[in-house]
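To start, the structure itself, in structure tokens.
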Amino acid sequence: MVNENTPGGLSNGAAAEIIARLRRLYPEAKSGLDYTTPFELLVATILSAQCTDARVNKVTAVLFAKANTPKGILALGREQLESVIKECGLFRSKARHIIGACQMLLAEYGGEVPADFESLMRLPGVGRKTASVILSNAFGKPAMPVDTHVFRVSNRLGLTRGRTPREVEEGLKELLPQEEWNRAHHLLIWHGREICKARNPRCQICPLKDLCAANQADG
Ligand code: SF4
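By the working numbering, the letter at position 82 of the sequence shown is numbered 82, and the numbering carries on one by one without gaps.
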């Protein structure tokens, strides 16, 4: 169910049909990051900046076997942490953020990841997208994380029109009922990875091409 008009100008029916088709196309859509606790998801999400989920999962398998709590990570020390996460790129700033987040979690949140947006946003290395990912995936709270795929695919389809991730987030929240935010976010990511790729969208084989404003296929 969607509201009357999409912020991107699609008809109500077209937007609902897009979401329904994406659901059928990606019934297994979910986070690509491996985690078992909110803290593990926090660390994995910080590591995922400009890095693939597959690489993050490879690194966190090693890291979490050594330490998967704020205390444990701090006990590892910066040098060892940097050496384990090196493959993820930007490892110095990521290590700094992870250590800063661990220190704040221990000092202010009893070593637990907080389950509210404002507190999450205070953590080093955590912006709107990461806070939304954690709220949505670790705590099942309504949030709409907008990454590069969600931003691109939503705009192309005409689900929303936003010049910034924040505008896309607001547009999608306006368009979709809260209970669908989490699922829709994963569906848009999966479509962005599989078909609506950044450089060469595969419009010819896209099951949404008859509804899409940016369809580049011939028919
Ligand atoms: S038709 Fe093309 S631009 Fe539109 S969603 Fe499909 S792949 Fe993306």
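All residues carry an ideal CB built from backbone N, CA and C; glycine is no exception. Since this is a predicted model, take the numbers as computed values, not measurements.
* Roughly how many angstroms separate the alpha carbons of GLY89 and ARG96, rounded to a whole number? -> Looking up residue 89 in the sequence shown gives position 89. Looking up residue 96 in the sequence shown gives position 96. Going from the Cα of GLY89 to the Cα of ARG96 covers about 13 Å.
* Rounded to whole angstroms, how far is the Cβ of PRO177 from the Cβ of VAL146, which I believe are closer than 8 Å? -> On the sequence shown, residue 177 is found 177 positions in, with the first residue counted as 1. On the sequence shown, residue 146 is found 146 positions in, with the first residue counted as 1. Rounded, the Cβ-Cβ distance is 17 Å, inconsistent with contact.
* Distance, Cα to Cα, GLN80 vs LEU157? -> Taking the sequence shown and counting its residues from 1, the one referred to as residue 80 is at position 80. Taking the sequence shown and counting its residues from 1, the one referred to as residue 157 is at position 157. Roughly 44 Å separates the two Cα atoms.
* Buried or exposed: LEU137, going by 16 or more other Cβ atoms within 10 Å of its Cβ? -> To locate residue 137, count along the sequence shown from 1; it is residue 137. Looking at the sequence itself, residue 137 is Asn, so the reference to Leu does not match. By the 10 Å Cβ count, ASN137 comes out buried.
* To do: Would you kindly report the start and end of the unbroken alpha helix (DSSP H) that includes PRO233?
  => The question about residue 233 has no answer, for the chain in this structure spans 1 to 219.
* When every heavy atom of ligand 1 is checked, does at least one fall within less than 7 Å of the C-beta of VAL153? -> Residue numbering aside, residue 153 sits at position 153 when the sequence shown is read from its first letter. Flag set: Cβ of VAL153 near ligand 1.
* With 16 other Cβ atoms within 10 Å as the buried cut-off, status of GLU40 -> What you label residue 40 is simply residue 40 of the sequence shown in a count that begins at 1. Classification for GLU40: buried.
* With distances taken from CA atoms, which of ILE19, ILE134, LEU159 and ASN182 is nearest GLY171? -> In the sequence shown, residue 171 corresponds to position 171, counting from 1. Ranking the options by Cα distance to GLY171, first place goes to LEU159.
* DSSP-derived helix/strand/coil call for SER132 -> Indexing the sequence shown from 1 puts residue 132 at position 132. Residue state, collapsed to three classes: helix.
* In angstroms with no decimal places, state the Cα-to-Cα distance between LEU33 and ASP53. => In the sequence shown, counting from the first residue as 1, residue 33 sits at position 33. In the sequence shown, counting from the first residue as 1, residue 53 sits at position 53. Those two C-alpha atoms are separated by around 6 Å.
* Asked: Relative to the C-alpha of ILE189, which residue among ASN215, VAL153 and LEU208 is closest?
  -> On the sequence shown, position 189 is the one that residue 189 refers to. Of the candidates ASN215, VAL153 and LEU208, the one whose C-alpha sits nearest the C-alpha of ILE189 is VAL153.
* To do: Given a cut-off of 8 Å, decide if GLN216 and CYS196 are closer than it, judged by their beta-carbon atoms.
  => Taking the first residue of the sequence shown as 1, we reach residue 196 at position 196. Taking the first residue of the sequence shown as 1, we reach residue 216 at position 216. No. Outside cutoff.
* Would DSSP call SER48 helix, strand or coil? -> Reading the sequence shown from its first residue, position 48 is the one you call residue 48. DSSP places SER48 in coil when its eight states are reduced to three.
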